[in-house]
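What follows is one structure encoded as structure tokens, with my remarks underneath.
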Amino acid sequence: MTALVLVEHADTEPDRLSLEALSLAASLGEPVEALAIGRWSTPLAGRLAGRGIGTVHVVDDPRLAAFAPAAWAATIVQLAAARSASVVIAAGSDRGNEVMAHVGAKMDLPMAANVTEILGGSPLRLVRQRWAGSLLEESTLDAPTKLLTIAPHAVAVAEPAAGAAPSLAPFTPDLAEADLAVAVARRLEPDRSGVSLADARVVVGGGRGVGSAEGFAQLDELAALLGGTVGVARVVTSAGWRPHAQQVGQTGTRIAPDLYIACGISGAIQHMVGARSAKAILAINTDRDAPMVTRATYAVIGDLHTVLPAIIAGVRAAR
Ligand SMILES: Cc1cc2nc3c(=O)[nH]c(=O)nc-3n(C[C@H](O)[C@H](O)[C@H](O)COP(=O)(O)OP(=O)(O)OC[C@H]3O[C@@H](n4cnc5c(N)ncnc54)[C@H](O)[C@@H]3O)c2cc1C
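Going by the working numbering, the first residue of the sequence shown is number 161, and it counts up by one from there.
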């Protein structure tokens with residue numbers, strides 16, 4: 161019996177959500193093997209030492225250099241069969257959920273998304289988030305191969321132990337043309353800050369209160385000063401002021417920064433789903449009764465276009 165974990169990565173660094181998936185996989189008490197797909201998969205595999213992985217299966221196929229969900233899923237299905245995997249786990253990222261949905265369809269098996277805890281037993285008992293994380297459900301998964309994704313930021317990343325690096329095993333999937341019909345062709349909005357929203361230690365968030373696309377210049381400036389990045393509410397992406405890639409929330413990215421500076425954001429439940437793992441929130445809002453203000457660690461009641469320049473000047477002076 162083997163647990164197979166898909167490890168997503170940016171260049172040679174494993175994504176934090178995949179490390180969370182590996183941490184939960186370790187709680188199964190079964191041998192854990194990993195799958196890394198893409199151009200940097202070989203150097204990445206060497207960086208997974210001390211995480212309880214016996215083997216990293218490396219798929220360094222140029223056809224998979226760009227994300228191609230059906231092809232990734234075909235790869236997982238073939239590797240799971242070759243390794244007799246009893247459990248297949250991916251991060252609860254957009255990609256992880258998309259790929260595992262394809263895997264479920266190909267294998268004609270159920271897929272449990274947003275798992276927070278594995279309780280064990282047969283059929284497998286799980287705890288998972290439902291309704292955008294507003295409730296926890298205990299459920300059972302009865303399938304020959306259990307397919308799971310892990311709720312973002314619900315599981316602590318275990319520190320790597322001292323130990324041998326996993327062995328590397330090249331894997332060549334048998335892909336059909338149809339598997340490659342959908343693939344990332346180009347990126348419209350490269351992240352200029354170089355800091356990913358999901359991993360940023362500081363996020364400066366902007367909502368309708370920012371007022372315009374131009375109004376985000378102050379948020380960009382503060383984010384750059386603090387080594388963070390900008391995140392936005394959905395009305396901002398709907399208005400075309402910022403790309404969807406920067407949206408925080410139920411239908412956007414889930415963030416877990418040390419500090420979330422929420423400017424002109426009311427704090428609707430669908431937004432807070434994505435921000436609930438922030439360690440501290442500084443709300444800047446004209447409405448002292450806005451839900452974001454009542455949930456914040458600190459709040460400044462005022463016009464963000466007055467407050468932000470003062471904060472920026474203060475940070476510059478402190479430097
Ligand atoms: C199925 C579904 C999924 C959704 N998914 C998401 C999601 O992923 N992410 C998301 O964000 N939303 C999502 N939404 C939308 C969500 O319900 C809210 O509509 C949205 O979050 C509101 O954005 P906002 O806070 O910027 O705007 P508003 O609610 O209009 O709030 C604006 C805030 O700015 C303040 N303000 C105004 N001017 C100033 C100023 N000059 N200075 C300081 N403060 C000011 C106001 O007091 C107010 O609190 C979803 C909705 C649905 C139905």
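Virtual Cβ for every residue (Gly too), placed ideally from N, Cα, C.
Near ligand 1, meaning a Cβ closer than 5 Å to any of its heavy atoms, lie the following residues in chain order: Gly367, Arg368, Gly369, Ala393, Arg394, Val395, Gly409, Gln410, Thr411, Gly412, Gly424, Ile425, Ser426, Ala428, Gln430, His431, Asn445, Thr446, Asp447, Ala450, Asp463, Leu464. With distances taken between CA atoms, aspartate 449 lies nearest to Gly462 out of Ala438, Asp302, Lys439, Gly462. Across the set Gln430, Arg476, Ser282, the C-alpha of Ser282 shows the shortest separation from the C-alpha of alanine 303.
The C-beta distance from glycine 323 to alanine 209 rounds to 6 Å, short enough to fall under 8 Å. By the 16-neighbour rule on beta-carbons within 10 angstroms, arginine 476 is exposed. When C-alpha distances from asparagine 274 are compared across Ala265, Arg347, Asp254, the shortest belongs to Asp254. In this structure, asparagine 445 lies away from valine 433, with their beta-carbon atoms at least 8 Å apart. Judged by beta-carbon spacing, glutamine 378 lies beyond the 8 Å limit of histidine 262, meaning their Cβ atoms are not closer than that value. Judged by their CB atoms, leucine 279 and leucine 307 are not nearer to each other than the 8 Å cut-off. Taking a C-beta distance under 8 Å as the contact criterion, valine 259 and alanine 250 qualify as a contact pair. With a 10 Å radius around the Cβ and a threshold of 16 neighbouring Cβ atoms, threonine 215 comes out buried. A Cβ-Cβ separation of about 15 Å leaves histidine 217 out of contact with alanine 233 under the 8 Å criterion.
Selection Tyr458, Asp175, Val165 evaluated against valine 355 yields Asp175 as nearest (Cα-Cα). Taking 8 Å as the cut-off, the Cβ atoms of tyrosine 420 and alanine 435 count as close.
Contact annotation: alanine 383 and valine 364 have beta-carbon atoms nearer than 8 Å. Secondary structure note for proline 229: its alpha helix (DSSP H) is the uninterrupted segment 229-242.
Following the DSSP letters along the chain, one finds isoleucine 471 in no beta strand (DSSP E) but inside the alpha helix (DSSP H) bounded by residues 464-478.
Out of Ile429, Met267, Pro312, Thr276, the CA that lies nearest to the CA of glutamate 297 is found in Thr276.
Contiguous beta strand (DSSP E) elements confined to the region 362-409 occur at 362-366, 389-392, taking only those with 3 or more residues.
Contact annotation, arginine 368 with glycine 424: C-beta distance approximately 6 Å; criterion of less than 8 Å satisfied. Distance from the Cα of isoleucine 472 is smallest, within the candidate group Gly206, Ala438, Ser178, Asp380, for Asp380. By the neighbour-count criterion, in which a residue is buried when 16 or more other Cβ atoms sit within 10 angstroms of its Cβ, glycine 412 is buried. When the beta-carbon positions are compared, valine 165 and leucine 177 stay at least 8 Å from each other.
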